[in-house]
Amino acid sequence: MQFMFQDHLLDTDRRELSREQVPVSVEPQVFDLVVHLMENRDRVVSKDELIDKIWHGRSVSESTLTSRINAARKAVGDSGASQALIRTIARKGFRFVGNVETKSGTVTAELRRSVTASHASLALSDRPAIAVLPFTNMSGDREQDYFSDGISEDIITALSKLRWFFVVARNSSFVYKGRAVHLNEIARELGVRYVLEGSVRRSGDRVRISAQLNDVSTGGHLWAERYDRKLADIFAVQDEITEAMVAAIEPQLYAAENFRAQQKPPGSLDAWDFVMRALSHYWRITREDNASAQRLLEQAIAIDPAYGKALGLLATSHIFGAHMGWADMAATVPVAEAAALAAVEADRDDAWAHHGLAYTYLFRRRFDDALAGFELALTLNPNFAMAHAFYGVTLCYAGRWQDGDAAARRALQLSPRDPLAAIYCGVAAYAQFIGRNYEDGIQMARESMRQRTDFVGAHRVLTAAAGMSGDSALAASALEGLRRAQPGISLAWITQELPMLREEDRAHYLEGFRRAGMR
170 MQFMFQDHLL DTDRRELSRE QVPVSVEPQV FDLVVHLMEN RDRVVSKDEL IDKIWHGRSV
230 SESTLTSRIN AARKAVGDSG ASQALIRTIA RKGFRFVGNV ETKSGTVTAE LRRSVTASHA
290 SLALSDRPAI AVLPFTNMSG DREQDYFSDG ISEDIITALS KLRWFFVVAR NSSFVYKGRA
350 VHLNEIAREL GVRYVLEGSV RRSGDRVRIS AQLNDVSTGG HLWAERYDRK LADIFAVQDE
410 ITEAMVAAIE PQLYAAENFR AQQKPPGSLD AWDFVMRALS HYWRITREDN ASAQRLLEQA
470 IAIDPAYGKA LGLLATSHIF GAHMGWADMA ATVPVAEAAA LAAVEADRDD AWAHHGLAYT
530 YLFRRRFDDA LAGFELALTL NPNFAMAHAF YGVTLCYAGR WQDGDAAARR ALQLSPRDPL
590 AAIYCGVAAY AQFIGRNYED GIQMARESMR QRTDFVGAHR VLTAAAGMSG DSALAASALE
650 GLRRAQPGIS LAWITQELPM LREEDRAHYL EGFRRAGMR
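By our numbering, the letter at position 65 of the sequence shown is numbered 234, and the numbering carries on one by one without gaps.
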């Protein structure tokens with residue numbers, strides 16, 4: 170069903186909202202709220218009904234509901250002051266009062282192009298929007314189109330799980346299949362900034378897939394990769410390549426959005442801009458950058474108190490700082506937990522929110538809750554490389570080092586050029602130490618430090634592994650480097666602050682530091 174009101178079009182089949190053919194980025198929860206109000210515009214919808222339909226009866230605070238109503242108004246070009254479309258009915262609820270025309274079915278490509286043509290220059294969406302074009306079948310066999318189309322459709326579906334990016338629906342981007350259209354024209358017609366294009370060449374039992382992510386607004390290429398695979402199981406290959414692409418694309422989009430935010434005057438930044446800036450600092454994993462990230466996230470939350478991603482990342486940043494020894498753990502955990510709980514309350518379907526809460530639970534020594542939280546985050550976004558790695562360190566602290574190592578290597582496999590790859594290598598190094606594979610632990614710790622020379626976690630593992638390996642020269646050098654990275658570290662700090670479930674793992678780790686010369 171399509172709802173047309175003022176200069177907006179809401180398409181429930183595609184789950185798209187557009188204003189003058191420009192996609193409007195809307196969180197899934199807010200989209201559902203708008204649809205429910207519009208479908209029931211002949212009456213007042215009570216708060217209880219909204220909670221039942223949108224939150225499925227879960228406990229929701231008044232502030233969360235107000236925040237979502239405000240977001241719905243903003244999405245449709247309304248405000249709390251004017252209430253021209255979404256009106257609050259005192260003590261009763263809400264009602265959509267705008268004039269609406271309805272139409273069944275989807276807009277044809279011809280109609281879309283004719284409407285688009287009437288707007289010579291369309292503004293881009295407030296939020297990053299991306300179109301995935303149908304991958305070109307280079308095999309010379311049209312019967313193989315299903316495979317290249319399947320890759321494109323799977324990427325669209327997987328990117329949609331990121332939630333904070335508007336992804337053009339398949340029916341819109343597939344209009345360009347088989348047509349030679351310049352990327353600038355596609356971006357203008359679809360109202361997107363980023364376009365992913367690619368090709369599939371299948372020969373015998375092998376397939377080569379090439380992909381390229383373009384920032385059409387600058388004319389630059391953000392990312393390109395080629396995948397060569399043997400087609401033992403065509404659907405498994407399709408899934409594997411989709412996962413790899415989406416995990417690689419996500420940090421590139423964040424980096425591009427941060428660059429864009431850096432070009433804006435300070436007074437014009439919105440909550441999204443502050444989060445993008447915060448991410449760029451958090452990725453550097455230094456004490457100063459972590460503090461900068463927290464300040465920026467607090468500014469984002471001041472603008473939008475129910476911003477799940479910002480709250481979840483703030484919780485993660487606080488715990489990470491204490492984990493690295495930069496902040497007092499006892500004072501930090503309650504602050505992080507409050508932010509994480511607020512994140513989950515604001516958006517229970519956001520992977521970042523559950524990631525922050527799970528990481529906090531780890532340092533509450535609630536191991537089962539921490540593991541369950543990371544597993545939920547990965548259910549919501551299976552390609553969330555950071556969550557795989559932090560799940561890995563939690564498994565290691567719980568004594569399951571083989572599973573922890575597999576989770577860390579999964580993160581590296583998904584996103585080998587990730588800004589946080591140093592952490593992923595550090596988790597793998599720690600897993601190898603627990604497994605008493607000291608040389609492997611040393612090798613992974615060195616790789617971590619090659620990417621981020623002052624990453625405290627890698628310095629710790631290198632010191633302990635070198636101590637246990639019997640290489641006294643390396644152990645002494647590693648301990649010196651560790652003391653520069655974490656000046657206050659001691660055996661007492663390790664004993665008290667690091668949440669190891671098994672006493673044997675704690676004793677093993679402490680022994681490595683003792684042999685390296687720590688007292």
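Beta carbons: idealized from backbone N, C-alpha and C, even for Gly.
Problem set entry | glycine 490 beta carbon less than 9 Å from that of alanine 496 | yes
* With burial defined as no fewer than 16 other Cβ atoms inside 10 Å of the residue's Cβ, what is the status of lysine 433: buried or exposed? -> exposed
So, for glycine 686: in the same chain, excluding its five sequence neighbours on each side, which residues have a beta-carbon less than 7 Å away from its beta-carbon? Ala644, Ala645 and Leu648
Exercise for the section: Please classify serine 251: does DSSP put it in a helix, a strand, or coil? Expected result: coil
| Is the Cβ-Cβ distance between arginine 370 and serine 308 less than 9 Å? | yes
6 Å CB neighbourhood of alanine 416 in its chain, flanking five on each side removed: Asn552, Ala554, Leu583 and Ser584
| Are the Cβ atoms of histidine 205 and isoleucine 223 separated by less than 9 Å? | yes
(Q) Let's see if you can read the secondary structure: which residues bound the beta strand (DSSP E) around glutamate 394? (A) 389 to 399
Exercise. CA-CA distance, aspartate 623 and alanine 654?
Worked result: 6 Å
- Item | alanine 488 vs arginine 621 beta-carbon contact at 9 Å | Inspection of the sequence shows that residue 488 is occupied by isoleucine rather than by alanine. No; because the gap between Cβ atoms is not below 9 Å, this pair is not in contact.
What's the gap between the Cα of alanine 413 and the Cα of tryptophan 521?
-> 19 Å
Check your understanding: Within the chosen definition, does the region 385 to 396 reach the region 517 to 533 through at least 3 CB pairs nearer than 8 Å?
Key -> no
**Asked** Taking C-alpha atoms, which residue in Phe265, Asp538 and Arg652 lies nearest to asparagine 209?
**Response** Phe265
Fill in: Cα-Cα separation between arginine 446 and leucine 631, rounded to whole angstroms
31 Å
- Message: Cutting at 7 Å between CB atoms, please list the residues of its own chain near glutamate 673, excluding the five before and the five after it.
- Response: none
Ignore the nearest five residues each way along the sequence and tell me which others in arginine 281's own chain have a CB closer than 6 Å to its CB.
Low per-residue confidence applies at arginine 281: pLDDT is 41, beneath 50, and the placement is therefore not dependable, though the value from the model is reported in the following sentence. Around arginine 281: no qualifying Cβ.
Just reading off the alpha helix (DSSP H) that arginine 615 is part of, what are its end residues? 607 to 620
(message) Restricting to Cα atoms, I'd like to know which of Gly319, Phe334, Val376 and Gln407 is closest to proline 420.
(response) Phe334
Tell me leucine 581's beta-bridge partners as DSSP assigns them. Its beta-bridge partners do not exist; DSSP assigns none.
Open item on the list: On the CB-based measure, 16 or more other CB atoms within 10 Å of its CB, does phenylalanine 404 come out buried or exposed?
Closed with: exposed
Requested in this report: Output the distance between the C-alpha atoms of threonine 252 and arginine 675, rounded to the nearest integer angstrom.
Outcome: What sits at residue 252 in the sequence shown is glutamine, not threonine. Each residue's alpha carbon lies about 59 Å from the other.
- Hey, how far is the Cα of arginine 237 from the Cα of glycine 249? 12 Å
Requested in this report: Jot down the residue ranges of each uninterrupted alpha helix (DSSP H) in the region 197 to 278, minimum 4 residues, whole runs only, in chain order.
Outcome: 197 to 208, 216 to 223 and 231 to 244
Practice task
Check whether the region 388 to 402 touches the region 360 to 377, taking contact to mean three or more Cβ pairs, one atom from each stretch, closer than 8 Å.
Solution key: yes
Cβ-based burial, glycine 681 [other Cβ within 10 Å; buried from 16]: buried
Margin query: Cutting at 8 Å between CB atoms, please list the residues of its own chain near valine 350, excluding the five before and the five after it.
Written below: none
**Prompt:** In this structure, does DSSP put alanine 338 in helix, strand or coil?
**Reply:** coil
- Task: Assess, as a yes-or-no matter, whether the region 558 to 568 is touched by the region 509 to 521 under the definition of 3 or more beta carbon pairs within less than 8 Å.
- Result: no
- So what's methionine 173 in DSSP terms, helix, strand or just coil? strand
Q. Any beta-carbon of chain C closer than 9 Å to the one on arginine 517?
A. Absent here is chain C; the protein component of the structure consists of one chain.
Note to self: Whole angstroms are fine: how far does the CA of aspartate 518 sit from the CA of leucine 234?
What the structure shows: 15 Å
Inset, instruction - State the start and end residues of the unbroken alpha helix (DSSP H) segment that holds aspartate 473. - result: Segment: none, aspartate 473 is in no alpha helix (DSSP H) and carries neither H nor E.
Checklist line | Three-way DSSP call (helix, strand, coil) for glycine 490 in this model | finding: helix
Between Tyr593, Ala539 and Val344, which lies nearest to alanine 567 when the distance is taken from Cα to Cα?
Ala539
Locate the beta strand (DSSP E) running through asparagine 383, then write down its first and last residues.
375 to 384
Discussion item. According to DSSP, is glutamate 419 part of a helix, a strand, or is it coil?
Written reply: helix
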